[in-house]
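*Asks:*
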Amino acid sequence: MIDPVLLRENPDLIKRSQKVRGASVEAVDDALAADAERRATIQAFEALRASQNQFGKQVASAPPAEKKALVAQAQSLAVDVKAAAAASAEAEARFTAVVRTLANPVIDGVPAGGEENFVTLRTHGAVPTFDFEPRDHLELGELLGAIDMARGAKVSGARFYFLRGIGARLEIALMNMALDRALAAGFVPLITPTLVRPEIMDGTGFLGEHADEIYYLPADDLYLTGTSEVALAGYHSDEILDLTDGPLRYAGWSTCYRREAGSGGKDTRGIIRVHQFNKLEMFAYVLPENAEAEHDRLVALQEDMLQALGLSYRVIDVAAGDLGSSAARKFDIEAWVPTQNAYRELTSTSNCTTYQARRLDIRYRTESGKTAPVGTLNGTLATTRWIVAILETHQQEDGSVRVPEALRPWLGGIDVIRPVGA
RNA sequence: GGAGACGUCGCAUAGUACGGCUUAGUGCACCACCCUGCUAAGGUGGAGUACCCUUCACGGGGUACCGUGGGUUCAAAUCCCACCGUCUCCGCCA
0 MIDPVLLREN PDLIKRSQKV RGASVEAVDD ALAADAERRA TIQAFEALRA SQNQFGKQVA
60 SAPPAEKKAL VAQAQSLAVD VKAAAAASAE AEARFTAVVR TLANPVIDGV PAGGEENFVT
120 LRTHGAVPTF DFEPRDHLEL GELLGAIDMA RGAKVSGARF YFLRGIGARL EIALMNMALD
180 RALAAGFVPL ITPTLVRPEI MDGTGFLGEH ADEIYYLPAD DLYLTGTSEV ALAGYHSDEI
240 LDLTDGPLRY AGWSTCYRRE AGSGGKDTRG IIRVHQFNKL EMFAYVLPEN AEAEHDRLVA
300 LQEDMLQALG LSYRVIDVAA GDLGSSAARK FDIEAWVPTQ NAYRELTSTS NCTTYQARRL
360 DIRYRTESGK TAPVGTLNGT LATTRWIVAI LETHQQEDGS VRVPEALRPW LGGIDVIRPV
420 GA
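Residue numbers for the first sequence follow numbering that gives the first Met the number 0, beginning at 0 and rising by one.
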């Protein structure tokens, strides 16, 4: 949720942000009107309630003879109070509903426009070239006995798969490598619940435009999370944090579930876009003024990891229209996937500033002793999808795949993965 | 799945049988000051969160909050209902 004070005092800033996102600018005026209405009804209710409280004291201390008459008077007052309370609650609900449609104001410098308007900040590594026809990750995965899509479909349907043998080991190795790096960088590992209550899912902002992407279990009123970000953000909800010793940083390890509802027909081959995968997610709670520095720090950790794995990539500043409503800025890192002749997203790192924290009521104490919402950030450090880029980038003509040196310690020292039976 | 107990201001507790004298008491911890040669002990005072109004500001006034949400009532921590959570016992089970 945006800061209601900012809305009141600087609506133009929010309008500019809505505009570059391609979101509704009128919603800002609607919110302002709803705020005025809300405050008026609150005042009316509180004044009535104050007189009712006064009256209650009179009734309590009145001699029994007068009590009856006073109670009769108080009854009519009670009717007014009730009506005013209802009006105020309604106005509050209307205000909240409108304000929550407003997205987090983007940070200065975020490119305007939609998905294609991203700005490339830097690229790393030459695009790999082959003196043979490179195989795609699924063909390699099948040769290596690593990926089994057919049986995944048999058991669970399209976009499900088995990772088997070296494929399973590869994923565990990646996750562990990422975890060790996160530990070294001061992150606290956390294995998170993947089923969460509605208010947590809603608080992280995923029930908005992503609602149809999410698995829901009506019998239990629980949502399956598409990223451990949800549980990591909910972890400290309704708390006042002590950030005097620095940010709180967590590395969440979880399976992620996504319906991929809007992506019919896209990336149907292999494990690029699947309903279930594993991810190691970094999450940081920081003082708002440190959020942008933390954002860069997260991206640096991701780049270190990608470089260690010998992948070629570019870092992009995602355009305003392609940000989720919670993010004020988002850096994606996309690795080169040879057979697609394209960069594909491997990590996504969002600075949610205080937007998410305000919804989840996560605060810290300022120097003056007041409370204020913290900043939250999240970013990927490893996912199943990375296997795609690793297999394709490091493949050799005979279908074997070189294991990047940095990954070998987590694979028992294996330096080359060879086709099964070869 | 069945039966029961419980959820109060950071922690621990009182208050709930009889609704109004509770702007929720007490202890510990906390902060400021006083006192004692240091420490300990003692004394005095202060402390929650959110929102609304007012003020240039310091501040002042008000409303709500006793797990959450409803309800009864002139009035609810206290009565009623639902939900969430914790604990105990029984049953079942990978």
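C-beta: ideal position from N, C-alpha, C; glycine also.
Beta-carbon separation of D107 and T353 under 8 Å?
*Replies:* Their beta carbons are not under 8 Å apart, which means D107 does not touch T353 by this criterion.
*Asks:* Could you please give the first and the last residue of the uninterrupted alpha helix (DSSP H) stretch that includes Y234?
*Replies:* Taken as a continuous stretch (DSSP letters only), the alpha helix (DSSP H) holding Y234 covers 228 to 234.
*Asks:* Going by DSSP, what residues sit across from D331 in a beta bridge?
*Replies:* DSSP output for D331 lists I315, S347 as bridge partner(s).
*Asks:* Kindly confirm or deny that the stretch 225 to 238 and the stretch 267 to 277 touch, where touching means at least three C-beta pairs closer than 8 Å.
*Replies:* No, the stretch 225 to 238 does not touch the stretch 267 to 277.
*Asks:* Please name the residue or residues paired with N277 in a DSSP beta bridge.
*Replies:* N277 is bridged to T254.
*Asks:* From the DSSP output, which residues share a beta bridge with Y342?
*Replies:* Looking at the DSSP assignment, Y342 forms a beta bridge with W335.
*Asks:* What does a CB cutoff of less than 6 Å around P287 pick up in its chain, not counting 5 residues either side in sequence?
*Replies:* Hits under 6 Å: T353, G374.
*Asks:* In three-state terms, what does DSSP make of E89?
*Replies:* Note: E89 maps to helix in three-state DSSP.
*Asks:* Please name the residue, chosen from E366, G320, N377, that lies closest to T346 on a Cα-to-Cα basis.
*Replies:* T346 has its Cα closest to that of N377, out of E366, G320, N377.
*Asks:* Pairing CB atoms from the stretch 397 to 409 with CB atoms from the stretch 348 to 363, are three or more of them under 8 Å?
*Replies:* Result no; under three Cβ-Cβ pairs closer than 8 Å.
*Asks:* Relative to the C-alpha of H136, which candidate in W409, D397, G420, V387 has its C-alpha closest?
*Replies:* Per the Cα distances, V387.
*Asks:* Assuming T193 and T254 form a contact by the criterion Cβ under 8 Å, report the distance between their Cβ atoms to the nearest whole angstrom.
*Replies:* With 8 Å as the limit, T193 and T254 qualify as a contact, their Cβ atoms being about 6 Å apart.
*Asks:* In this structure, does DSSP put E293 in helix, strand or coil?
*Replies:* Helix.
*Asks:* Span of the beta strand (DSSP E) holding A183?
*Replies:* Where A183 is concerned, there is no enclosing beta strand (DSSP E), although the alpha helix (DSSP H) it sits in stretches over 165 to 183.
*Asks:* Do W409 and N175 have their C-beta atoms closer together than 8 Å?
*Replies:* Result yes, Cβ atoms of W409 and N175 sit closer than 8 Å.
*Asks:* Counting beta carbon pairs with one atom in the stretch 313 to 326 and one in the stretch 391 to 403, are three or more of them shorter than 8 Å?
*Replies:* The answer is no - the stretch 313 to 326 does not touch the stretch 391 to 403, with fewer than three Cβ pairs under 8 Å.
*Asks:* Whole angstroms is fine: what's the gap from G420's alpha carbon to L142's?
*Replies:* Whole-angstrom Cα-Cα distance: 9 Å.
*Asks:* Could you compute how far the alpha carbon of E25 sits from the alpha carbon of V98?
*Replies:* Taking the straight line from one Cα to the other gives about 12 Å.
*Asks:* Give the secondary structure of P418 by DSSP, where H, G and I count as helix, E and B as strand, and everything else as coil.
*Replies:* The answer is coil: DSSP assigns P418 none of H, G, I, E or B.
*Asks:* Is the distance from the Cβ of A292 to the Cβ of L380 below 8 Å?
*Replies:* Result no, Cβ atoms of A292 and L380 do not sit closer than 8 Å.
*Asks:* Using 10 angstroms around the beta-carbon of I416, count the other beta-carbons present and answer buried if the total reaches 16, otherwise exposed.
*Replies:* With 16 or more Cβ atoms within 10 Å of its Cβ, I416 is classed as buried.
*Asks:* On the DSSP bridge assignment, give the partners of P381 in chain order.
*Replies:* Correcting the residue identity first, residue 381 is Ala in this sequence and not Pro. L279.
*Asks:* Whose C-beta lies closer than 8 Å to the C-beta of A393 among residues of the same chain, with five residues either side of it excluded?
*Replies:* Looking at the sequence provided, one finds His at residue 393 rather than Ala. Cβ within range, chain order: G309, V400, R401, V402, P403.
*Asks:* Rounded to whole angstroms, what's the CA-CA distance from A449 to E208? Just pull it up for me.
*Replies:* The chain is shown from 0 up to 421; residue 449 falls before or after that span and cannot be answered.
*Asks:* Going by Cα to Cα distance, which pick from N340, V80, A102 is closest to K18?
*Replies:* Looking at the Cα atoms, A102 is the closest of the given residues.
*Asks:* So, at 6 Å on beta carbons, what are the nonlocal neighbours of L169 in its own chain, with the 5 sequence-adjacent residues on each side left out?
*Replies:* Correct list, in chain order: I386.
*Asks:* What number of angstroms, rounded off, separates the C-alpha of G156 from the C-alpha of T100?
*Replies:* Going by the C-alpha atoms only, they are around 35 Å apart.
*Asks:* For the stretch 111 to 174, list the alpha helix (DSSP H) runs that are entirely contained and at least 4 residues long, ordered along the chain.
*Replies:* You should have 136 to 142, 148 to 155.
*Asks:* Among residues of its own chain, excluding the 5 on either side of L305, which ones have a beta-carbon nearer than 6 Å to its beta-carbon?
*Replies:* Answer for L305: Y312, listed in chain order.
*Asks:* Any idea what DSSP makes of I1, helix, strand or coil?
*Replies:* Looking at I1 - three-state DSSP - the assignment turns out to be coil, as it is neither helix nor strand.
*Asks:* Excluding the five sequence neighbours on either side, which residues of its own chain have a C-beta within less than 6 Å of the C-beta of F94, listed in chain order?
*Replies:* Correct list, in chain order: A33, D34, R37.
*Asks:* Looking at the structure shown, is I213 part of a helix, part of a strand, or coil, going by DSSP?
*Replies:* I213: coil per DSSP, three-state reduction.
*Asks:* Report back the beta-carbon spacing between V314 and R121 to the nearest angstrom; my notes put them in contact at under 8 Å.
*Replies:* Indeed they touch by this definition, with Cβ atoms about 5 Å apart.
*Asks:* Would you mind giving the Cβ-Cβ distance between S236 and I199, rounded to the nearest angstrom? I have them listed as a contact below 8 Å.
*Replies:* Between I199 and S236 the Cβ distance is about 7 Å, and since that is below 8 Å, they are a contact.
*Asks:* In this structure, how does DSSP classify Q51 when only helix, strand and coil are distinguished?
*Replies:* Note: Q51 maps to helix in three-state DSSP.
*Asks:* Exposed or buried, what is T338 when buried is set at 16 or more other beta-carbons lying within 10 Å of its beta-carbon?
*Replies:* Buried, because 16 or more other Cβ atoms sit within 10 Å of the Cβ of T338.
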